[in-house]
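Participant: Those letters in the sequence shown? Residues 21 to 209, by this note's numbering.
Ideal placement from N, C-alpha and C gives every residue a C-beta, glycine not left out.
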Amino acid sequence: MTYAQIAAPAAMPVTLAEAKAHLRVTSDTEDDTIAALIAAATQYLERDTGQALINQRWRAFFDGLPADGVLELMRSPVRGIVQVTVYDADGAATVLDGGDYRVNLVARPARLRLRDAVAAAMRANGVEVDFDVGYGETGIDVPDMLKRAVLVLVAHWYEFRGVFDAADQPVSVPALYGRLTRHFRFLSL
21 MTYAQIAAPA AMPVTLAEAK AHLRVTSDTE DDTIAALIAA ATQYLERDTG
71 QALINQRWRA FFDGLPADGV LELMRSPVRG IVQVTVYDAD GAATVLDGGD
121 YRVNLVARPA RLRLRDAVAA AMRANGVEVD FDVGYGETGI DVPDMLKRAV
171 LVLVAHWYEF RGVFDAADQP VSVPALYGRL TRHFRFLSL
């Protein structure tokens, strides 16, 4: 399965003012650096945990249907399904009606079960699912532990930004980051 972001979030989960307060920076001379660190830390956390902090839209591409017809969406929290498209052997697309599938948004990962009569004959990317994820429109809606994890990364990378070459960044991730994010990760056996 492959994922593509098709609508980016409109904001960052942590504001520049919040990050500067956390870093105890009072001047404006490093605002661009701090803003870049916020963006990098957010991107790192979202890729590392599968969480989408601020509302955004993704497309999942599946090579076919599993035997049980259940597709797992490995981004969280899923707010809703926008569209499900299946392709036949000739590559012709069919957008499914809402009655052609059932969704469990409470499960982690969220699950989408297609009706037994639905078939996707195309082998590569035969099923596309567009879905909305995120905790809300602004950082106020993001769980505090995830916001704190972003701030921990920002502070760590800010502190060590001159010690290592820019090509070597991020140099490390502090242990506190892992403790703050562990309950938000997808478990694999």
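Return no unless some Cβ of chain D is closer than 9 Å to the Cβ of Thr-105.
Facilitator: The question asks about chain D, but that chain is absent: this structure has only one protein chain.
Participant: Give the DSSP-derived three-state secondary structure of Gly-119 in the structure shown.
Facilitator: If DSSP states are grouped into helix, strand and coil, Gly-119 belongs with the helices.
Participant: Give me the residue from Leu-85, Ala-144, Ala-55 and Pro-97 with the minimum Cα distance to Asp-110.
Facilitator: Residue Ala-144 is the option with its Cα nearest to Asp-110.
Participant: Can you pull the DSSP bridge partners for Ile-101?
Facilitator: Its beta-bridge partners are Phe-151.
Participant: State whether the segment 168-183 contacts the segment 100-114, with contact taken as three or more CB pairs (one from each stretch) at a distance under 8 Å.
Facilitator: Segments in contact, no.
Participant: Residues in the same chain with beta-carbon distance under 7 Å from Gln-76, minus the five sequence neighbours each way, listed in chain order, please.
Facilitator: Closer than 7 Å at the Cβ level, and outside the excluded window around Gln-76, lie Gln-25, Ala-27, Ala-28, Pro-29, Val-153 and Gly-154.
Participant: Going by beta carbon distance, what residues of the same chain come within less than 8 Å of Thr-53, once the five residues before and after it are set aside?
Facilitator: So the list reads Tyr-178 and Arg-181, once near-sequence residues are dropped.
Participant: By DSSP, does Arg-168 sit in helix, in strand, or in coil?
Facilitator: Here Arg-168 sits in helix by DSSP.
Participant: Please return the same chain residues whose Cβ sits closer than 7 Å to the Cβ of Lys-40, not counting the five positions on each side in sequence.
Facilitator: Around Lys-40: Ile-54.
Participant: Express the C-alpha separation of Pro-86 and Val-104 in angstroms, rounding to a whole number.
Facilitator: About 15 Å.
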